[in-house]
Each structure stands twice: as C-alpha cells, then as structure tokens.
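In this text, residue positions in the sequence shown follow UniProt numbering: the first is 1, and each later residue adds one. For each residue, glycine too, the CB sits at the ideal point set by N, CA and C. So the structure is just underneath, and the comments pick up after that.
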Amino acid sequence: MSERLRVAMPKGRIYNKAAELLRAAGLPVPPEGEEGRKLVIPIPEANMEFILAKPVDVPTYVEYGAVDIGIVGKDVLMEEGRDVYELLDLGIARCRMSVIGLPGWQPGIQQRVATKYPNVASQYFREQGQQVEVIKLNGSIELAPLIGLADRIVDMVETGQTLRENGLVEQSQIFEITSRLVANRVSYRLKNKEIQTLCDALYQVIGSPAGL
Ligand code: PRP
C-alpha cells in the first residue's frame with residue numbers, strides 16, 4: 001500500500017458530481033478530461049492520488065488494496081458483492097434500481113429478464129419466488145423488451161426519460177441508489193486518521209453525518 005492515500009474515482013456519469021463534492025471538501029480534484037487521458041492524478045498538496053477506473057471495477061481495486069478508498073454507486077456494490085467497508089452515503093447520483101416492462105405486461109409461462117445486473121436481478125426474483133431466466137446485456141437494456149429479447153428488464157432509472165421515450169413502465173422498485181465512499185478494510189485501520197479526516201470534510205459538505 002502506498003504512503004499517499006489512493007482514491008479510486010469512477011469514470012463517466014458519477015465522476016464530475018463526485019469531483020465537485022471533493023472540491024467542496026477542499027480537495028483540488030480536476031474536472032473529468034482536464035488531465036487528458038491520464039489515469040493517475042497525483043494531488044501532492046493533499047498527499048493523495050486519484051485513479052480513474054471503470055465504475056464496475058472500483059470495488060475490485062478497493063477490495064484488493066490497490067487503492068485505499070473509492071467512490072462507487074450502490075448499484076455496482078450490490079452487483080459486485082466485493083468485501084469493502086462502506087463508509088459514507090454521499091447522496092449524489094441518486095436514482096433507483098427497478099423492474100421495467102411494457103405497459104399491460106402479463107406473466108407468461110417462460111419469463112426472461114434482461115439486465116446489466118444479473119446478480120441483483122437473480123436475487124430479487126428468487127426472493128419474490130418468481131422463476132425467471134436472466135440474460136446479461138451490457139447497455140441499451142431498454143431495447144430488450146421492445147424487440148422481444150426479454151419480457152422485462154432490471155435497470156437503473158434516474159429521470160425516467162429513457163423509459164418514457166421507449167414506451168416502457170416501471171413495475172416495481174428494488175432499491176434506491178446513491179454513490180458511496182468505500183474503504184479497503186486494512187487501509188481503514190492503517191490509514192484511519194487520513195480516511196477519517198476526509199470523511200469529516202465530506203460530512204461538512206453533505207450537511208449531516210450520514211456515516212453507515
Ligand atoms: C442508464 C440506464 C438507463 C438510463 C436511465 O443508461 O441503464 O438506460 O441511464 O436514465 P434516465 O432515467 O435518466 O433516462 P446509460 O446512460 O448509463 O447507458 P447504457 O444504456 O449504455 O447503460
């Protein structure tokens with residue numbers, strides 16, 4: 001583990017929201033793209049180093065201790081099931097995980113559900129006592145019920161625009177999603193002071209001690 005506190009940031013839709021929060025907490029994290037395609041951004045004045053990872057990989061870097069802490073959506077945490085210590089609900093990138101289908105959907109004999117989150121979907125339907133075949137896709141999930149690949153999908157809903165524009169409806173909500181600050185369990189003990197200082201600075205910005 002490096003001397004500097006190493007932080008994994010998710011590239012893409014969460015990055016700028018997370019960077020804004022960190023800047024408000026006093027850390028000069030650059031906006032996405034400002035450093036070109038660099039994947040490691042040192043911030044020596046804060047004795048920190050930010051790495052830019054694919055969101056789905058953030059819990060992996062954290063579990064293995066390649067980074068000390070990371071910022072990641074609850075959707076990814078639930079799907080990946082990595083052994084990380086969830087420190088703080090950052091309250092950003094709020095959306096929900098839902099079951100979605102065409103209006104008037106009726107359960108057929110064979111049910112197929114397409115999703116980027118096969119573990120989440122399988123667990124949900126198992127708990128509901130529903131037997132479904134889960135099909136893993138990697139994006140544009142809303143296509144699946146439109147062209148008959150699956151009856152329903154399990155996906156993230158933020159504004160609901162994608163559903164509306166594709167004539168789909170939410171059938172049920174599985175859980176709420178926000179971004180979380182997570183830590184490697186060993187780092188949390190060895191670098192407790194640095195991690196706690198960052199958490200305290202973030203509490204100030206978020207407005208309440210939303211520790212988990
Ligand atoms: C996500 C998600 C939905 C959409 C929801 O897709 O999978 O399709 O955003 O947002 P909305 O409710 O505000 O419309 P993303 O943009 O990440 O792309 P993807 O289809 O490649 O997964």
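Unbroken beta strand (DSSP E) run spanning residue i, endpoints
i: D155; result: R152 to V157
i: A183; result: S179 to A183
i: R13; result: It is not in any beta strand (DSSP E) - R13 carries neither H nor E in the DSSP assignment.
i: Y85; result: Y85 to D89
Span of the alpha helix (DSSP H) around residue i
i: I69; result: It is not in any alpha helix (DSSP H) - I69 instead sits in the beta strand (DSSP E) that spans I69 to G73.
i: R112; result: Where R112 is concerned, there is no enclosing alpha helix (DSSP H), although the beta strand (DSSP E) it sits in stretches over R112 to T115.
i: L124; result: Position check: residue 124 holds Tyr in this sequence, whereas Leu was assumed. Start and end: P118 to E127.
C-beta atoms of residue i and residue j nearer than 8 angstroms
i: L168; j: P145; result: yes
i: V6; j: V76; result: Here residue 6 turns out to be Arg, not Val, going by the sequence shown. Cβ atoms of R6 and V76: not closer than 8 angstroms.
i: T159; j: I141; result: no
i: I206; j: A93; result: no
i: I43; j: P31; result: no
i: K11; j: P55; result: yes
i: L102; j: C199; result: no
i: V99; j: Q171; result: yes
i: Q106; j: V132; result: no
i: R96; j: Q173; result: yes
i: A8; j: G70; result: yes
Reference residue i, options the options, closest by Cα
i: V72; options: Q204, R180 and L190; result: R180
i: E86; options: V58, Q110, V99 and E158; result: V58
i: S122; options: V134, Q111 and R112; result: V134
i: I177; options: M156, I195 and R112; result: M156
Inter-residue CB distance, residue i and residue j (contact presumed, cutoff 8 angstroms)
i: N184; j: V62; result: 5 angstroms
| task | Spell out a yes or no on whether the region 47-57 and the region 143-159 are touching, meaning 3 or more CB-CB pairs, one atom from each, closer than 8 angstroms. | result | Taking one beta carbon from each stretch, the region 47-57 and the region 143-159 have fewer than 3 pairs nearer than 8 angstroms; the two do not touch.
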